[in-house]
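Chains as they are written, first to last, in the numbering used here: chain U, 1 to 280; chain A, 1001 to 1258.
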């Protein structure tokens, strides 16, 4: 009688299908990687062909092969300038997200705090980052500090918004359950809210990972003599277009690496989400 | 108070203030549930049965009247874990295994270390017929199995009173029948007071010693029907004339109520 009950729903539930279900999934992801690699290669080939056929001058645009040459010819200059940008990006990412998460937790537990600070946060967000940057450089000098501040500023807002939503996304019946169990605010947070918010947090962190690099590069444009942002400006002024493109390739690789790292961490910390969201 | 009734409701009324007026949900509910009794609250959807259950569980304070659980206030009963609650949805935490979900009430307030639980989470899982599923995540369990986990979780801190809010309402008819039998088996084993909210006449007759028929909103008690069928109840009882007679009586009371 019990066996019968299990047999009926297990056809619909993923229970029995979990180990078997991974096989097509793995095939799918291999296929996806192959397809996206194919897409990138096709675009690069087309790009190279257009450049050669239309005889585009080198100072206007570089061919993919010239970019590869630049990457190989100037690894030291790229590495020297990548390092400060990495420091600023990760520094800004950590600072911005930690502040956002702490403030979001404060919001959920104190409405007055939320009603005072949330509009302020939204207002700060509406100020153009390019306009704030020189002010921060004036205030914080020309070292790492203003760049980290700008990268933090740019990552702060999406994480704050997502985290507030995530901490409030608790099922009302689960809150009733916690109430019936006489759970304290801290226990509700620890056992329910925090974990409920993790999928939202990781969505925000993925946005923040690329935004943070963007913030660091923009900050370097304002006042810096090193970093990928500086190298982009310098290469542009000197018409060293292949170097400019190589710099962009390095920046893009950095963003992808950070994005990938966040995705790996998400798989580790939010494993229950994969079953539901793998297809999407 | 050992001899106090499990639940005593005196003229309980409940109104919600909404933007466009006051919504009266409960009116003049007076009811006594003895210890060890299995009582169903039967009424049309949205009549306020669940609200009444939430008054007993100290989730909502009544706007009128008084409620007592085992002679104490519902808040006191909640703090001493005299109450266990099973919701319409299983409300399992998706990141915890079945066993961890059952053990959650023991972790909250460090209850497990300070009191004697009804059993280990493992033992409770066996009681609800889920041996071997200790490490399964909720997403890997069917709806019926998830609700079994929820029942085990409600029982783990050894409550005197079990409140069930249409626990099988979201399940298919076959699973629902099976879980009704399981619930009766568990009930005869643990002998707790059960207050069971349902809108199924057959379910109410099959499970209960008494059925409280409620009117549409604002919910009042229309009639209380003693279901004079012996326990243990068997599925084939559902085809007996007595069973049909009780069903007809409840149906008549419901129609009169509407």
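For every residue, glycine included, the Cβ atom is placed at its ideal position computed from N, Cα and C.
Consult DSSP for residue i and reduce its assignment to one of helix, strand or coil.
i	result
residue 163 of chain U	helix
residue 985 of chain A	The requested residue 985 of chain A does not occur in the structure, where chain A is confined to residues 1001 to 1258.
residue 1209 of chain A	coil
residue 1221 of chain A	strand
residue 1081 of chain A	coil
residue 1168 of chain A	coil
residue 1032 of chain A	strand
residue 123 of chain U	helix
residue 1118 of chain A	coil
residue 1008 of chain A	strand
residue 182 of chain U	coil
residue 1018 of chain A	strand
residue 174 of chain U	helix
residue 1055 of chain A	helix
residue 1068 of chain A	strand
residue 1040 of chain A	strand
residue 1026 of chain A	strand
residue 1013 of chain A	strand
residue 1229 of chain A	coil
residue 1247 of chain A	helix
residue 1162 of chain A	strand
residue 1091 of chain A	coil
residue 95 of chain U	helix
residue 113 of chain U	helix
Is residue i close to chain U? Criterion is C-beta to C-beta, closer than 8 Å.
i	result
residue 1243 of chain A	no
residue 1212 of chain A	no
residue 1262 of chain A	This structure gives no information on residue 1262 of chain A, because the portion of chain A shown stretches from 1001 to 1258.
residue 1057 of chain A	yes
Can you find a CB in chain A that lies within less than 8 Å of the CB of residue i?
i	result
residue 266 of chain U	no
residue 171 of chain U	yes
residue 177 of chain U	yes
residue 191 of chain U	yes
residue 221 of chain U	no
residue 1 of chain U	Note that residue 1 of chain U scores a pLDDT of 39, beneath 50, so its modelled location is shaky and nothing firm can be said.
Pop quiz: residue i and residue j are said to be a contact at Cβ under 8 Å. What is the actual Cβ separation, rounded to whole angstroms?
i	j	result
residue 1199 of chain A	residue 1019 of chain A	Rounded, the Cβ-Cβ distance is 28 Å, inconsistent with contact.
residue 44 of chain U	residue 57 of chain U	20 Å between Cβ atoms; not a contact.
residue 159 of chain U	residue 97 of chain U	5 Å
residue 148 of chain U	residue 92 of chain U	5 Å
residue 1170 of chain A	residue 1133 of chain A	Rounded, the Cβ-Cβ distance is 20 Å, inconsistent with contact.
residue 198 of chain U	residue 270 of chain U	5 Å
residue 1060 of chain A	residue 1054 of chain A	4 Å
residue 1144 of chain A	residue 1106 of chain A	Contact doesn't hold; Cβ gap of about 24 Å is too wide.
residue 254 of chain U	residue 86 of chain U	7 Å
Please list the partners that residue i has in chain A, where partner means a Cβ-to-Cβ separation under 8 Å.
i	result
residue 182 of chain U	1078, 1079, 1081, 1108 and 1109
residue 174 of chain U	1091 and 1093
residue 272 of chain U	1094, 1095, 1137 and 1139
residue 195 of chain U	1093 and 1095
Could you check if residue i is buried or exposed, using at least 16 other CB atoms within 10 Å of its CB as the buried criterion?
i	result
residue 237 of chain U	exposed
residue 29 of chain U	exposed
residue 1026 of chain A	buried
residue 33 of chain U	exposed
residue 1146 of chain A	buried
residue 1234 of chain A	exposed
residue 22 of chain U	With a pLDDT of only 45 at residue 22 of chain U, under 50, the local geometry of the prediction cannot be trusted, and the value read off the model is given with reservation. Exposed.
residue 268 of chain U	exposed
residue 88 of chain U	buried
residue 1116 of chain A	exposed
residue 241 of chain U	buried
residue 36 of chain U	exposed
residue 1056 of chain A	buried
residue 1114 of chain A	exposed
residue 142 of chain U	exposed
residue 1011 of chain A	exposed
residue 1090 of chain A	buried
residue 1029 of chain A	buried
residue 1058 of chain A	buried
residue 1189 of chain A	exposed
Going along chain A in order, which residues have a C-beta closer than 9 Å to the C-beta of residue i?
i	result
residue 187 of chain U	1107, 1108 and 1109
Identify the contact partners of residue i in chain U, using a Cβ-Cβ distance below 9 Å as the criterion.
i	result
residue 1118 of chain A	Neighbours of residue 1118 of chain A on chain U: none; closest Cβ ~14 Å, over 9 Å.
residue 1104 of chain A	177, 181 and 191
Quick one: list the residues of chain U neighbouring residue i, beta-carbon separation under 8 Å, in chain order.
i	result
residue 1085 of chain A	176, 177 and 180
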